[in-house]
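A.B. asks: This is the structure, below, for whatever I ask next.
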Amino acid sequence: MHEFSVMQGVVSAVLSALEGRSYDKVVSVKLVVGELTFLAKEQLRFAFHVLTEGTDLEGASIDIITKKAVVRCEKCGYRGGLRVDDDPRYHYALPVFLCPKCGGCVEIVEGKECFVESVVLEKEE
Ligand SMILES: [Zn+2]
């Protein structure tokens, strides 16, 4: 499962960022995931709970924020979101990376990222 390997990277990045810091508990981790990564939120959440077992992150909650895709068209200069047809037949299809205005090829500006935005720590005084 792709989600597991992605989450493995996230968990080890967070754990190494926490090294040397003083805290009692990790409350939550906020993860930003681009729409075009096609990562399933539920799978990511599940992977997080499995992979953090026995680590300092065990018991922390995970917030997953989906970031909309932004594309740029070389031909007409359009910059914005991809058009997603809300037709149930298309729900399992990959979006077509064409300009919604002129049909030209677009370059993906945002939407393929996956990064940890913040980690909330708790320290008892
Ligand atoms: Zn265009």
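Position 101 of the sequence shown, counted from 1, bears residue number 1500 in our numbering, the numbering being contiguous throughout.
Where is the CB? At the ideal position from N, CA and C, for every residue including glycine.
Could you have a look at G1433 and say whether DSSP puts it in helix, strand or coil?
C.D. replies: The answer is strand: DSSP assigns G1433 an E or B state.
A.B. asks: Would you list, in sequence order, the uninterrupted alpha helix (DSSP H) runs of no fewer than 4 residues that lie entirely inside the segment 1440-1491?
C.D. replies: Whole alpha helix (DSSP H) segments, 4+ residues: 1440-1450.
A.B. asks: Does the segment 1450-1469 come close enough to the segment 1502-1510 that 3 or more CB-CB pairs lie under 8 Å?
C.D. replies: With the cut-off at 8 Å, the segment 1502-1510 and the segment 1450-1469 touch.
A.B. asks: In angstroms, rounded to a whole number, what distance separates the CA positions of E1402 and G1476?
C.D. replies: E1402 and G1476: Cα-Cα distance of roughly 34 Å.
A.B. asks: Measure the C-alpha to C-alpha separation of A1459 and E1473 and round it to an integer number of angstroms.
C.D. replies: Computed Cα separation, rounded: 43 Å.
A.B. asks: Can you give me the start and stop residues for the alpha helix (DSSP H) that S1528 sits inside?
C.D. replies: No answer is possible for residue 1528: it lies beyond the span of the chain, which begins at 1400 and ends at 1524.
A.B. asks: If you follow the beta strand (DSSP E) that F1514 is in, where does it begin and where does it stop?
C.D. replies: That run of the beta strand (DSSP E) goes C1513 to E1521.
A.B. asks: Name the one or two DSSP bridge partners that V1428 has.
C.D. replies: Paired residue(s): I1461 and V1518.
A.B. asks: Inspect the CB distances between the segment 1402-1419 and the segment 1435-1448 and report whether three or more fall short of 8 Å.
C.D. replies: The segment 1402-1419, when compared against the segment 1435-1448, does touch it at the 8 Å Cβ threshold.
A.B. asks: Can you check whether the CB of L1481 is closer than 8 Å to the CB of D1413?
C.D. replies: Here residue 1413 turns out to be Val, not Asp, going by the sequence shown. Cβ distance not < 8 Å, so V1413 and L1481 don't count as in contact.
A.B. asks: Does at least one heavy atom of ligand 1 sit under 7 Å from the Cβ of G1503?
C.D. replies: Yes, the Cβ of G1503 comes within 7 Å of a heavy atom of ligand 1.
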